[in-house]
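Residue numbers (my numbering), protein chains in the order written: chain A, 1 to 226; chain B, 1001 to 1226. Glycine included, every Cβ here is placed at the ideal spot set by N, Cα and C. Since the model is a prediction, treat every value here as computed from it, not as a measurement.
2 protein chains.
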Amino acid sequence: MFLVEGYKSVTEFINSGYQVDTVYHTPTIVPKMLNLSRNINFQEISMKDIEKISTLKTPQDVIGLVKIPKWPQLNYNSLKNRFSLVLDNVQDPGNMGTIIRTADWFGIADIICSEDTVDVYNPKVVQATMGSLARVNVHYTSLAQVLPQINLPVFGAMLDGENIYNTGFGTEGLLVMGNEGNGISPDIERLISTKITIPRAGEAESLNVAIATAILCSEIKRNSLK
Amino acid sequence: MFLVEGYKSVTEFINSGYQVDTVYHTPTIVPKMLNLSRNINFQEISMKDIEKISTLKTPQDVIGLVKIPKWPQLNYNSLKNRFSLVLDNVQDPGNMGTIIRTADWFGIADIICSEDTVDVYNPKVVQATMGSLARVNVHYTSLAQVLPQINLPVFGAMLDGENIYNTGFGTEGLLVMGNEGNGISPDIERLISTKITIPRAGEAESLNVAIATAILCSEIKRNSLK
Chain A
1 MFLVEGYKSV TEFINSGYQV DTVYHTPTIV PKMLNLSRNI NFQEISMKDI
51 EKISTLKTPQ DVIGLVKIPK WPQLNYNSLK NRFSLVLDNV QDPGNMGTII
101 RTADWFGIAD IICSEDTVDV YNPKVVQATM GSLARVNVHY TSLAQVLPQI
151 NLPVFGAMLD GENIYNTGFG TEGLLVMGNE GNGISPDIER LISTKITIPR
201 AGEAESLNVA IATAILCSEI KRNSLK
Chain B
1001 MFLVEGYKSV TEFINSGYQV DTVYHTPTIV PKMLNLSRNI NFQEISMKDI
1051 EKISTLKTPQ DVIGLVKIPK WPQLNYNSLK NRFSLVLDNV QDPGNMGTII
1101 RTADWFGIAD IICSEDTVDV YNPKVVQATM GSLARVNVHY TSLAQVLPQI
1151 NLPVFGAMLD GENIYNTGFG TEGLLVMGNE GNGISPDIER LISTKITIPR
1201 AGEAESLNVA IATAILCSEI KRNSLK
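Okay, structure coming up:
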């Protein structure tokens, strides 16, 4: 199970396909407010106890304990006619959570992660998704084995690729983002069909990976509207 | 003064217009490696002492103490023929630092902040800029007083504006980004000439402010290349 903190996020998990096991709440929250339907165990506890459970600096008055789902096997056919994200060893929980939130904004349904990518149920990841984790499917797998079996164009964000403003993204594909320090690993780089780059006008050495992901998602979306 | 941590960031401040006062380093770092020129006080100390000074979980072997500069009065004329960022009460240090790093990538030289925006010399901000703070000018001022005096188009990121993919940004202007929870304050909203929105295709309620800033910077850059 994993922790979800805050009224809004807990409500989003209750209204999603996830199974919420227990909701701990202070007397200020009436369980009815949570719009519930399914078998949820509600426990009224003190703010002091919430503080003991919470991983936040400023604990909120509701904490949910949510079951980690058994993800069905990734269905490659379901990835056709749209874009999905591929994360190769993204390590920072804040980046991971922000990427999930951004994917949700742009309507990206699936994120395929290498096995060494940070755990999506890490409380800092869950928090940074701001509830979006309830709506985006996150799969962990061996990218080197799986990518060749998905018959789609593979775009990879690199420092020496084609200018994204001139790239024809088309209407389907995978977008691969690499590790914060090392980028995309050589094993996975070999599987990329188009290397792409966000053109640099200034002097920063690189962009944060969540920032780069968002710029690319926006560019893919804009392209699809042409 | 403020702290800068890590070999790369300290070097960038030494090679910038900032005055580095003292560099604390472990015996593993030879001061000559730092390419120095100006009056810098070098102090070799133990890793234990570095750990006492550091604000990082994993302290690095160099810490610089840098003088907070006296910023010259913002010259409105210098803002013509380009884009600058305006931050209205951005609060999260990680967001602030990431925005500065992103501005540096896109060649944006000036960021104008409301007086209640998070302090740019907060160690978490400095760290998240990854050295870019050495190259981007950050001004604090009363936005309500200053914006009307800068005679440039004012674009504001809102949830109910014009679709950014259809916006003609032109070649100069200000881009206003608001607070994480509350957006742009009503006082500043009145000064916006074009409200713009990143179209949402999914269900996330909002985007992280650093993410939205990056998407808009990219769109402005792409527009300027047409």
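- Within its own chain, the residues whose Cβ lies closer than 6 Å to the Cβ of F1042/B, once the five positions on either side in sequence are excluded, are V1023, P1031, listed in chain order.
- With 16 or more other Cβ atoms inside 10 Å of its own Cβ, P59/A counts as buried.
- P93/A is not a Cβ neighbour of A144/A, given a cutoff of 9 Å.
- The three-state secondary structure of M1158/B, taken from DSSP, is strand.
- Judged by pairs of C-beta atoms under 8 Å, the region 206–223 of chain A does not touch the region 1004–1012 of chain B, as fewer than three such pairs exist.
- F155/A is the residue among F155/A, V120/A, L85/A whose C-alpha sits nearest the C-alpha of T167/A.
- Pairing I1196/B with V1176/B, the inter-Cα distance amounts to about 10 Å.
- Chain B has no Cβ within less than 9 Å of the Cβ of Y140/A.
- Boundaries of the beta strand (DSSP E) harbouring S1084/B: 1083–1087, taken from the DSSP string.
- Taking a cut-off of 8 Å on C-beta distances, the region 119–135 of chain A does not touch the region 157–167 of chain A, as fewer than three cross pairs fall below it.
- Taking the beta carbon of R82/A as reference, no residue of chain B falls within 9 Å; the closest one sits roughly 10 Å away.
- With 16 or more other Cβ atoms from the protein chains shown falling within 10 Å of its own Cβ, M130/A counts as buried.
- Per DSSP, the beta bridge partners of I1111/B are L1085/B, V1138/B.
- One thing to note: L147/A has its Cβ within 9 Å of the Cβ of L174/A.
- One Cα belongs to E172/A, the other to T117/A, and the distance between them is close to 24 Å.
- When the five nearest sequence neighbours on each side are left out, the beta carbons in the same chain lying within less than 7 Å of the beta carbon of D187/A are those of A144, in order along the chain.
- V1136/B has its alpha-carbon roughly 14 Å from the corresponding atom of R1082/B.
- T1026/B is not a Cβ neighbour of I1040/B, given a cutoff of 9 Å.
- Identification of residues in the region 102–115 of chain A having a C-beta nearer than 9 Å to some C-beta of chain B yields T102, A103, D104, W105, F106, G107, I108, A109, given in sequence order.
- For F2/A, the enclosing beta strand (DSSP E) covers residues 2–5.
- The secondary-structure analysis by DSSP pairs M1177/B across a beta bridge with L1087/B.
- For the 9 Å CB-CB criterion, I211/A and R1101/B form a contact.
- For Y7/A, not one C-beta of chain B is nearer than 9 Å to its own C-beta.
- Annotation: the region 1030–1071 of chain B contains the following complete segments of the alpha helix (DSSP H) (minimum length 4 residues), in chain order: 1047–1053.
- Residue-level contact check: R1190/B does not touch chain A, since none of the beta carbons of chain A fall below 9 Å from its beta carbon.
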